[in-house]
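Take the sequence shown: its position 5, counted from the start at 1, is 4 in numbering that gives the first Met the number 0, and no numbers get skipped. Note that beta-carbon positions come from the ideal geometry of N, C-alpha and C, so glycine has one too. Presented below is the structure to which this report refers.
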Amino acid sequence: MELKRRPDATVVISPLPSFARADSSSANLRLPPESEGLRLPADAIFVLAVLSGPAKGDVHRLTKPRVVIGRKGADIPLNDSEISRNHCLLEVRDKFINLKDLDSTNGTFLEEERVRAAMLQDGAEFRIGESLIRVSLQKK
């Protein structure tokens, strides 16, 4: 590994450390500790519909109360080069979803504002990369 100091005091590490490489394993993903009270609603199901982006038209039903959205290897994989391997975390609390950005490179947006965390309800839309995703609560 080679370190170079630039005049502006930026340190350049070459080659990139494993955590910064695109092929790094998601096995070392450190999720926040699981919160108490996570559960899917008993009488409905949350559905995520991809409204725009490379995966436009994809529909994902949440089958567990905690899922990671990202590229290949995530619980809900989206083929969008602008999203991180493990981009954001969804935690279902009955009729609400807590959305948490997992320190993604390009961010998570709610109403065009970058957010680290947000609470989503039926009909909410959020954007990661080029993908706009709508959350819907459908009766069973």
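For the 8 Å CB-CB criterion, Pro53 and Glu124 do not form a contact.
Counting C-beta atoms within 10 angstroms of its own C-beta, Leu61 has 16 or more neighbours from the protein chains shown and is therefore classed as buried.
CA-CA distance, Leu131 to Val91, rounds to 19 Å. If only uninterrupted beta strand (DSSP E) runs of at least 3 residues are considered, those enclosed by the segment 35–106 are 43–51, 58–60, 65–69, 87–92 and 95–100.
In this structure, Lys94 sits away from Leu39, with a CB-CB distance that is not shorter than 8 Å. Ile75 and Glu35 have their C-alpha atoms roughly 22 Å apart.
One alpha carbon belongs to Lys63, the other to Ala43, and they sit about 13 Å apart.
Between Leu98 and Leu119, the gap from beta carbon to beta carbon is short of 8 Å. The shortest CA-to-CA distance from Glu112 to any of Gly122, Ser103, Thr104 and Arg126 is the one to Arg126. Looking at the DSSP output, Leu119 bridges to Ile96.
Here Leu50 has Leu131 and Arg133 as same chain residues with Cβ atoms under 6 Å from its own Cβ, once five neighbours each way along the sequence are excluded.
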